[in-house]
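A short worksheet on the structure shown next.
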Amino acid sequence: ANACRSGLRSPLWAAGAEGAAVFGCGRSTPGNMMEEGPPNSSSDGRRGWFEARNGSDSSLDLESVVPPLALNPWDVVLCISGTIISCENAIVVVVIFYTPAFRAPMFLLIGSLATADLLAGLGLILHFAFVYFIPSEAVSLLTVGLLVTSFTASVSSLLTITIDRYLSLYNALTYYSERTVTRTYIMLILTWGASICYGLLPVMGWNCLKEPSTCSIVKPLTKNHLIILSVSFFMVFAVMLQLYVQICKIVCRHAHQIAVQRHFLASSHYVTTRKGIATLAVILGTFASCWLPFAIYCLLGDYSYPALYTYLTLLPATYNSMINPVIYAFRNQEIQKVLWTVCCGCFSSTMPFRSRSPSDV
14 ANACRSGLRS
24 PLWAAGAEGA
34 AVFGCGRSTP
44 GNMMEEGPPN
54 SSSDGRRGWF
64 EARNGSDSSL
74 DLESVVPPLA
84 LNPWDVVLCI
94 SGTIISCENA
104 IVVVVIFYTP
114 AFRAPMFLLI
124 GSLATADLLA
134 GLGLILHFAF
144 VYFIPSEAVS
154 LLTVGLLVTS
164 FTASVSSLLT
174 ITIDRYLSLY
184 NALTYYSERT
194 VTRTYIMLIL
204 TWGASICYGL
214 LPVMGWNCLK
224 EPSTCSIVKP
234 LTKNHLIILS
244 VSFFMVFAVM
254 LQLYVQICKI
264 VCRHAHQIAV
274 QRHFLASSHY
284 VTTRKGIATL
294 AVILGTFASC
304 WLPFAIYCLL
314 GDYSYPALYT
324 YLTLLPATYN
334 SMINPVIYAF
344 RNQEIQKVLW
354 TVCCGCFSST
364 MPFRSRSPSD
374 V
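Just remember that this note's numbering sits 13 ahead of the position in the sequence shown, which is counted from 1.
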């Protein structure tokens with residue numbers, strides 16, 4: 014009942030129009046998308062989850078006095094999403110870490126993606142806990158920094174996996190060399206280095222806590238910070254799109270050559286090509302459908318917009334971290350073998366595996 018004594022309990026999500034805050038705390042006014050407040054709003058004039066001190070509309074007021082009437086259901090959904098994300102990716106991280114056979118560049122990149130998504134899930138859970146149970150400006154900034162770092166690392170890891178797949182086809186003869194291992198480590202260092210730098214920016218002072226007018230739709234990130242993140246996403250998406258187009262061309266060419274050499278029917282070549290293109294389309298389509306709405310809204314939205322829009326675009330973005338293990342890990346035959354042996358109680362870290370190209374995954 015006392016979940017929102019502090020206005021900084023909802024630093025992550027921007028307030029709606031006229032100061033309607035989200036992520037557990039907020040005040041609505043007529044005309045606002047959230048004007049109805051929680052379903053169990055009281056009849057004493059207190060609507061929503063937050064009432065600022067002295068009638069202030071600022072969601073950053075440290076001395077808000079009206080406690081929330083109920084948990085924000087959107088926060089609960091995000092917390093549940095974070096729990097599922099954490100469980101899925103924890104399985105992938107444990108399998109890759111404890112299986113010595115999974116030390117190839119391909120598995121290192123999948124492990125990086127799973128680690129980033131695991132941290133994203135934990136960040137969602139921790140933010141929910143801190144918002145409602147441990148109000149603290151410093152802790153909130155750290156949690157937001159963790160979420161920015163993890164989601165940035167997740168998107169960047171998807172780019173590195175795409176690059177690795179492309180190179181495994183383009184340079185198939187030299188892919189299994191020391192140069193590939195070195196390149197993989199360089200990509201991992203760049204991925205996590207840039208992600209950590211992005212996440213440290215709000216913690217080091219680039220936030221809107223002292224200047225609410227500079228806030229973006231995601232508090233306490235500034236509008237300029239979120240624009241940089243969005244532009245970076247569109248650059249990553251453009252590169253991934255171009256690489257997958259090239260991968261489709263290479264796959265079609267290889268399929269045609271194999272069909273000619275082995276005298277396959279044209280229909281067989283068509284089926285193989287269509288299957289490969291469909292797989293790539295699912296991968297890229299899933300990524301785009303999850304992240305594009307939020308990235309576009311980050312560019313167009315304003316801190317005065319209704320908080321509902323932020324939730325509706327952010328939630329699909331979290332689903333990408335939920336789907337990634339299915340696409341990149343659980344479809345892998347080697348990982349499937351380990352999971353089956355674990356389920357059967359006969360796990361062996363020295364199981365033989367057939368080396369496969371990233372393009373097969």
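C-beta atoms are modelled at their ideal positions from N, C-alpha and C, and glycine is treated no differently.
Item                                                                                                                                                  : Value
Closest to PHE343 by C-alpha separation, out of ILE230, VAL108 and GLY218, would be which residue?                                                    : VAL108
Name the DSSP beta bridge partners of CYS228, please?                                                                                                 : THR235
Could you tell me if SER153 is buried or exposed, where buried requires 16 or more neighbouring beta carbons within 10 angstroms of its beta carbon?  : buried
Quick one: what does DSSP say LEU315 is sitting in, helix, strand or coil?                                                                            : The amino acid occupying residue 315 in the given sequence is Asp; Leu does not appear at that position. It is coil, neither helix nor strand.
Can you tell me whether TYR324 sits near the ligand GDP, meaning its C-beta is under 7 Å from at least one heavy atom of the ligand?                  : Within the structure as shown, the ligand GDP is missing, as the structure has no ligands at all.
Between which two residues does the alpha helix (DSSP H) holding TRP205 run?                                                                          : 191-216
Just how far apart, CA to CA, sit ALA291 and THR299?                                                                                                  : 12 Å
Would you tell me roughly how many angstroms separate the C-alpha atoms of VAL355 and LYS232, rounded to the nearest one?                             : 43 Å
Report buried or exposed for PRO81, applying the criterion of at least 16 other Cβ atoms within 10 angstroms of its Cβ.                               : With a pLDDT of only 49 at PRO81, under the threshold of 50, the placement of this residue in the model should not be trusted; the figure read from the coordinates follows. Buried, because 16 or more other Cβ atoms sit within 10 Å of the Cβ of PRO81.
Shortest alpha-carbon distance to ALA294 belongs to which of LEU325, ASP315, VAL258 and PRO329?                                                       : VAL258
With 16 as the cutoff for other CB atoms within 10 Å, does PRO338 come out buried or exposed?                                                         : buried
Nearest-angstrom Cα distance between HIS238 and LYS350?                                                                                               : 43 Å
Do you know how far the Cα of CYS210 is from the Cα of ALA117?                                                                                        : 27 Å
Under a Cβ-count criterion, where at least 16 other Cβ atoms within 10 Å of its own Cβ denotes burial, should TYR179 be classed as buried or exposed? : buried
Starting from LEU352, follow the alpha helix (DSSP H) in both directions and report where the run begins and ends.                                    : 346-356
Pick out whichever of PRO306, ILE97, TRP219 and ILE263 has its Cα sitting closest to the Cα of TYR183.                                                : ILE263
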